[in-house]
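A.B. asks: I'd like to ask you about the structure that follows.
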Ligand SMILES: [Mn+2]
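Residue numbers (the working numbering): 1 to 344.
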């Protein structure tokens, strides 16, 4: 994990891409808006400059995320079938072996021929040439720089299924639609340029955030009715068992964002959602918000690291290879040990 830092510049990565014959653009399993937006923006940009490129998605893909792509832009599968003539991989929005598990054998066979762009603080040296920038709010903020390093004028690529639309999807979703601390003047300046290029942000918000299946309501109700409060009401824990998914007809794609609901309560600083992915495997999502005006938030990235997971200070996750009840006991005992600041 240590030594995960940049080994190249964006210009050097652009140069390696220009010299490749067939490029695979890959990301973490179960791509979110930033992962998918990064893949799609890169594929579109590489194709726009005459290079051969495809995006590869593995794990289950939320249909609303998939709807960002046009037919033929992405190849699926778990793992997807990689063409034998691919001579360079571009890995975006992750650098961790445990997030690219379905692709790990293939990525290992590509050693030395993987370049990467990532904004996470933890990772492995999968990409020999990589740019790691934790100050970027989204991986698409870095992909935007790559697009321009390839000589593309973003203002000419702003319609539906455009480079700008894919970049905006990542920027918006990874910043909670421009609410998080990670939003800087540079983020809003890029968003402004993407809107000026013609991105329909209302359509994107509806597609990605207001397009759930009815089963989402039932599983949300079950998650909320499971809430327990810890540490004098400052931390919420919610549980979803396999039986909750079975009873409501919901799948793991239907629970995105539920973890944020307890944070709508004034005194709650951290929220945890533990969901049973399969018997013996529990997926944990952690979110936090500042304890009060000007006060720091709980670092859920560090919290998740105890379970081999990670992410960002305000949003992180982990996969615990234990049944739900055991994972819950582990998380709750870590919550007991968590050092909380005295509230002012
Ligand atoms: Mn991201």
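Even glycine gets a Cβ: it sits at the ideal position worked out from N, Cα and C.
Could you give the DSSP three-state label for residue 209: helix, strand or coil?
C.D. replies: helix
A.B. asks: Grouping DSSP H, G and I as helix and E and B as strand, with all else coil, what is residue 181?
C.D. replies: coil
A.B. asks: Which of the three DSSP states, helix, strand or coil, is assigned to residue 5?
C.D. replies: coil
A.B. asks: Using 8 Å as the Cβ pair cut-off and three pairs as the minimum, do the segment 40-59 and the segment 144-152 touch?
C.D. replies: yes
A.B. asks: Do residue 191 and ligand 1 come close, with the Cβ less than 8 Å from some heavy atom?
C.D. replies: Because no heavy atom of ligand 1 lies under 8 Å away, the Cβ of residue 191 does not count as near it: no.
A.B. asks: So, with DSSP's three-state summary, where would you put residue 278?
C.D. replies: strand
A.B. asks: Going by other Cβ atoms of all chains shown within 10 Å of its Cβ, with 16 needed for buried, is residue 161 buried or exposed?
C.D. replies: exposed
A.B. asks: Do residue 57 and residue 36 have their CB atoms nearer than 9 Å?
C.D. replies: Here residue 57 is near residue 36, since their CB atoms are less than 9 Å apart.
A.B. asks: Taking the alpha carbon of residue 325 as the point to measure from, which residue in 211, 287, 242 and 290 has its own alpha carbon closest?
C.D. replies: 242
A.B. asks: Starting from the C-beta of residue 85, find all residues in its chain whose C-beta is less than 8 Å away, skip the five residues before and the five after it, and write them out in chain order.
C.D. replies: 21 and 22
A.B. asks: Strictly closer than 5 Å from CB to any heavy atom of ligand 1: give me those residues in the order they appear in the chain.
C.D. replies: Any residue whose Cβ sits closer than 5 Å to a heavy atom of ligand 1 makes the list: 34, 93, 139 and 174.
A.B. asks: My understanding is that residue 338 touches residue 303, with C-beta atoms under 8 Å, so please give their C-beta distance in whole angstroms.
C.D. replies: 7 Å
A.B. asks: Quick check on residue 159: buried or exposed, where buried means 16 or more other Cβ atoms within 10 Å of its Cβ?
C.D. replies: With fewer than 16 Cβ atoms within 10 Å of its Cβ, residue 159 is classed as exposed.
A.B. asks: Closest to residue 75 by C-alpha separation, out of 269, 40 and 93, would be which residue?
C.D. replies: Of the listed residues, the one whose Cα sits closest to residue 75 is 40.
A.B. asks: So, for residue 251: in the same chain, excluding its five sequence neighbours on each side, which residues have a beta-carbon less than 8 Å away from its beta-carbon?
C.D. replies: 60, 215 and 245
A.B. asks: Use the C-beta contact count for residue 38: other C-beta atoms within 10 angstroms, 16 or more gives buried, fewer gives exposed.
C.D. replies: buried
A.B. asks: Can you give me the start and stop residues for the alpha helix (DSSP H) that residue 326 sits inside?
C.D. replies: 324-337
A.B. asks: What first and last residue would you give for the beta strand (DSSP E) that runs through residue 268?
C.D. replies: Segment: none, residue 268 is in no beta strand (DSSP E) and carries neither H nor E.
A.B. asks: Taking the straight line between their C-alpha atoms, what separation do you get for residue 103 and residue 342?
C.D. replies: 44 Å
A.B. asks: Can you give me the Cβ contacts of residue 353 inside the same chain, cut-off strictly under 7 Å, excluding the 5 residues immediately before and after it?
C.D. replies: Lying before the first or after the last residue shown, residue 353 is absent from the chain, which here runs from 1 to 344.
A.B. asks: Applying the criterion that 16 or more other CB atoms from any shown protein chain within 10 Å of the CB defines a buried residue, is residue 202 buried or exposed?
C.D. replies: exposed
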